[in-house]
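Notes follow the structure.
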Ligand SMILES: [Zn+2]
Ligand SMILES: [Zn+2]
């Protein structure tokens with residue numbers, strides 16, 4: 278204990294000397310686990326916000342964005358608990374576990390009504406410095422004719438009304454512009470991301486390619502109706518991702534990064550036809566758990582998306598992309614480096630390695646490369662035919 282104390286003082290002094298010299302001591306980078314797309318009773322989710330947050334916190338997530346449709350949960354909202362037995366039961370559990378001092382409810386003509394906790398209240402309930410962070414968010418939910426156009430604004434400060442427009446592209450762009458405008462006026466980093474483009478096959482590849490200022494989209498979404506894998510006439514979101522980047526780079530835009538998110542709505546029924554929690558998440562590498570640091574890291578591509586496979590290391594240095602899996606017992610892994618040569622119109626598989634570790638040297642004739650890690654681990658509660666756990670790193674470019 279004494280030794281530890283002296284060591285602490287010693288390092289503190291070293292820290293001070295270094296500071297005086299004007300050098301910042303290098304901070305350790307941590308992996309933070311988070312989900313940026315979640316619903317609650319504030320819109321069409323079937324659970325109370327703090328119950329959802331407590332679930333994610335207990336399941337080793339470090340950050341969560343409750344992204345309800347067209348709300349940022351700042352006002353007073355009462356919900357009526359429907360007659361559905363599951364919801365009635367869930368309310369009773371909520372009341373029992375959180376207590377009548379916390380749960381604000383009343384019974385009116387035999388119907389139970391509950392006041393939802395606001396963003397301030399639920400984040401205050403669950404947040405813990407360095408351990409768990411709640412990021413304000415809204416799923417801006419818009420339409421063009423029969424097309425469903427949804428996008429999240431992570432770290433939003435003021436609610437944004439759906440902006441509308443005269444085409445799918447215009448609706449997307451109008452909403453993105455609003456998010457970026459708010460970022461500019463507030464000086465707070467806020468990022469838009471396009472959600473589930475294949476939901477009702479609403480957003481075409483051409484529309485994604487034409488976007489300006491959009492750097493993120495969902496390559497994986499855990500909702501059962503979003504067609505991550507596409508079908509016989511529509512490409513998968515992963516194929517979409519690569520073609521977007523080939524076109525983005527041709528136009529000198531920064532690359533599009535791919536997120537994995539739950540888009541969870543259903544907390545009482547589990548299975549393929551429900552949108553459940555815990556299916557897809559991001560692992561972000563940053564030195565501090567704060568919205569600003571996380572957004573900086575996301576924008577720098579310092580993260581990977583996963584449906585279960587976790588990585589020990591993703592490093593890109595001197596044009597070498599290195600990946601190391603955090604292995605689970607009796608599970609096999611395949612690391613594939615997918616990329617595109619300059620001038621090509623599609624990607625190819627450059628290298629495939631069976632095992633937990635691999636690296637790939639980018640040549641100067643390559644446009645970008647990313648790694649996809651597949652495994653033999655069965656996902657606990659998959660959607661579509663995505664039965665095995667996998668992970669995707671973000672694309673990188675050679676610097677020569
Ligand atoms: Zn949506
Ligand atoms: Zn959603």
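Residue numbers (the working numbering): 278 to 677.
Built from N, CA and C at the ideal position, the CB exists for glycine as well.
Please read these numbers as outputs of a predicted model, since none were measured by experiment.
Count the CB pairs spanning the segment 498-514 and the segment 592-612 that are closer than 8 Å, and state whether there are at least three.
-> no
Measuring CA to CA, which of 498, 627, 324 and 642 is closest to residue 615?
-> The residue given as residue 615 occupies position 338 in the chain shown. The candidate whose alpha carbon is nearest that of residue 615 is 627.
Measuring from each Cβ to the nearest heavy atom of ligand 2, keep the ones under 5 Å and list them in chain order.
-> 416 and 540
Alpha helix (DSSP H) containing residue 403: first to last residue?
-> Counted from its first residue, the chain shown places residue 403 at position 126. That run of the alpha helix (DSSP H) goes 396-403.
Run through the segment 475-528 for me and flag every whole alpha helix (DSSP H) of 4 or more residues, listed as ranges in chain order.
-> 482-486 and 514-527
Quick one: what does DSSP say residue 298 is sitting in, helix, strand or coil?
-> Locating residue 298 in the chain shown gives position 21, counting from the first residue. Residue placement at residue 298 cannot be trusted, given a pLDDT of 48 that sits under 50; the coordinates are not used to answer.
Who are residue 625's beta bridge partners in DSSP?
-> Residue numbering aside, residue 625 sits at position 348 when the chain shown is read from its first letter. Residue 625 pairs with 616.
Helix or strand or just coil, what does DSSP make of residue 438?
-> Here residue 438 corresponds to residue number 161 of the chain shown, with the count starting at 1. Residue 438: coil per DSSP, three-state reduction.
Does ligand 1 have even one heavy atom less than 7 Å from the beta-carbon of residue 493?
-> Against the chain shown, residue 493 aligns to sequence position 216. No, Cβ of residue 493 sits at least 7 Å from all heavy atoms of ligand 1.
Near ligand 1: residue 505 beta-carbon under 7 Å from a heavy atom = Here residue 505 is taken as the residue at index 228 of the chain shown, counted from 1. Residue 505: no, Cβ never under 7 Å from ligand 1.
Can you give the beta carbon distance from residue 750 to residue 536, rounded, assuming they're within the 8 Å contact cut?
-> What is shown of the chain runs 278 to 677, which leaves residue 750 out entirely.
Would you check whether ligand 1 has a heavy atom nearer than 7 Å to the C-beta of residue 476?
-> Your numbering for residue 476 matches position 199 in the chain shown. Residue 476: yes, Cβ under 7 Å from ligand 1.
Flag this pair as touching only if the segment 429-436 and the segment 347-359 have three or more C-beta atom pairs under 8 Å; answer yes or no.
-> With the cut-off at 8 Å, the segment 429-436 and the segment 347-359 touch.
Cβ-based burial, residue 469 [other Cβ within 10 Å; buried from 16] = Residue mapping note: residue 469 aligns to position 192 of the chain shown, counting from 1. Counting Cβ neighbours within 10 Å, residue 469 comes out buried, since at least 16 surround it.
In the segment 545-593, which residue ranges form an unbroken alpha helix (DSSP H) of at least 4 residues, counting only runs that do not cross its ends?
-> 568-576
Of all the beta strand (DSSP E) runs that stay within the bounds of the segment 312-356, which reach a length of 3 or more residues?
-> The qualifying runs are 340-343.
Examine ligand 1 and report whether any of its heavy atoms sits within less than 7 Å of the Cβ of residue 472.
-> Against the chain shown, residue 472 aligns to sequence position 195. Result yes, Cβ under 7 Å from ligand 1.
For the alpha helix (DSSP H) holding residue 454, just list the boundary residues, first then last.
-> Taking the chain shown and counting its residues from 1, the one referred to as residue 454 is at position 177. Its alpha helix (DSSP H) spans residues 445-463.
Mapping DSSP to helix, strand and coil, what is residue 393?
-> On the chain shown, residue 393 is found 116 positions in, with the first residue counted as 1. Here residue 393 sits in coil by DSSP.
Hey, quick one: how far does the beta strand (DSSP E) through residue 645 stretch, first residue to last?
-> Within the chain shown, residue 645 is the residue found at index 368, counting from 1. 643-655 is the span of the beta strand (DSSP E), which, as asked, contains residue 645.
Within 10 angstroms of the Cβ of residue 287, are there 16 or more other Cβ atoms? Answer buried if so, exposed if not.
-> In the chain shown, counting from the first residue as 1, residue 287 sits at position 10. For residue 287, the predicted structure reports a pLDDT of 46, less than 50, and the residue's modelled location is therefore unreliable. A value from the coordinates is still provided. The residue is exposed, with fewer than 16 neighbouring Cβ atoms inside 10 Å.
When you compare only the Cα positions, how much space is there between residue 649 and residue 592?
-> On the chain shown, position 372 is the one that residue 649 refers to. On the chain shown, position 315 is the one that residue 592 refers to. Cα-Cα distance, rounded: 14 Å.
Excluding the five sequence neighbours on either side, which residues of its own chain have a C-beta within less than 6 Å of the C-beta of residue 313, listed in chain order?
-> Sequence index remark: in the chain shown, residue 313 carries index 36 (1-based). Answer for residue 313: 342, 431 and 538, listed in chain order.
Do you know how far the Cα of residue 391 is from the Cα of residue 646?
-> As a first step, residue 646 is located in the chain shown; it is residue number 369 there, counting from the start. As a first step, residue 391 is located in the chain shown; it is residue number 114 there, counting from the start. In a straight line, the C-alpha of residue 646 is about 50 Å away from that of residue 391.
Among the residues of its own chain, which have a CB less than 6 Å from the CB of residue 599, if the five just before and after it don't count?
-> Counting from one through the chain shown, the residue named residue 599 turns up at place 322. So the qualifying residues of the chain are 592 and 636.
Could you give the distance in angstroms between the alpha-carbon of residue 570 and the alpha-carbon of residue 672?
-> Taking the chain shown and counting its residues from 1, the one referred to as residue 570 is at position 293. Taking the chain shown and counting its residues from 1, the one referred to as residue 672 is at position 395. Cα to Cα, residue 570 sits roughly 20 Å from residue 672.
For residue 659 and residue 548, the rounded distance between their alpha carbons = Position 271 of the chain shown, counted from the start, is the residue given in the question as residue 548. Position 382 of the chain shown, counted from the start, is the residue given in the question as residue 659. Approximately 8 Å between the Cα atoms of the pair.
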